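Before any comments, here is the structure.
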Amino acid sequence: MVRELITPVNNKYILNLPDEMIGKTVEVIAFEVDSKEDVLKVKPTQNIQDIKERYSRYPIISHDNYQFNRDEANDYE
Numbered sequence: 040m041v042r043e044l045i046t047p048v049n050n051k052y053i054l055n056l057p058d059e060m061i062g063k064t065v066e067v068i069a070f071e072v073d074s075k076e077d078v079l080k081v082k083p084t085q086n087i088q089d090i091k092e093r094y095s096r097y098p099i100i101s102h103d104n105y106q107f108n109r110d111e112a113n114d115y116e
C-alpha cells in the first residue's frame with residue numbers, strides 16, 4: 040500500500056509505485072483532508088530534478104540525421 044499526503048502547488052503530481060504493483064490494477068484516489076500532519080510539500084522544481092536524476096544515467100542520442108523510411112516501416116513480413 041502507498042499513501043502520501045501532499046500539498047500540491049499545481050495540478051500535476053508524479054506518484055512512484057512499488058515494483059510489486061507493476062502489472063496489477065491499482066486505484067488512485069485524491070480528496071481533501073483536514074489533518075495537516077505529515078504533509079509533504081511538493082514544488083515543481085522537485086519533480087523536474089527527480090526526472091533529471093532518474094534519466095541522467097541514460098545516454099543522450101542525437102536524432103539529427105534520422106530519416107523516416109515508410110517502405111521499411113511497413114515491411115514487417
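In our numbering, the protein residues as written are 40 to 116. Backbone N, C-alpha and C define an ideal beta-carbon position, used for all residues, glycine too. Predicted model, so just to flag it, every value in this text is computed and none were measured.
Item to check | Cβ pair Lys72, Leu54 closer than 8 Å | outcome: Here residue 72 is Val; the residue named in the question, Lys, does not match the sequence. No; because the gap between Cβ atoms is not below 8 Å, this pair is not in contact.
Next on the checklist: Does Ile45 come out as helix, strand or coil in the three-state DSSP assignment?
Outcome noted: strand
Item to check | Option in Lys51, Ser101, Asn86 and Glu116 with minimal Cα separation from Ala69 | outcome: Lys51
Checklist entry - In angstroms, rounded to a whole number, what distance separates the CA positions of Pro57 and Val65? => result 11 Å
Checklist entry - Of the choices Pro47, Val48 and Val41, whose alpha-carbon is the least far from that of Met60? => result Val41
Checklist entry - Under three-state DSSP, which class holds Asn86? => result helix
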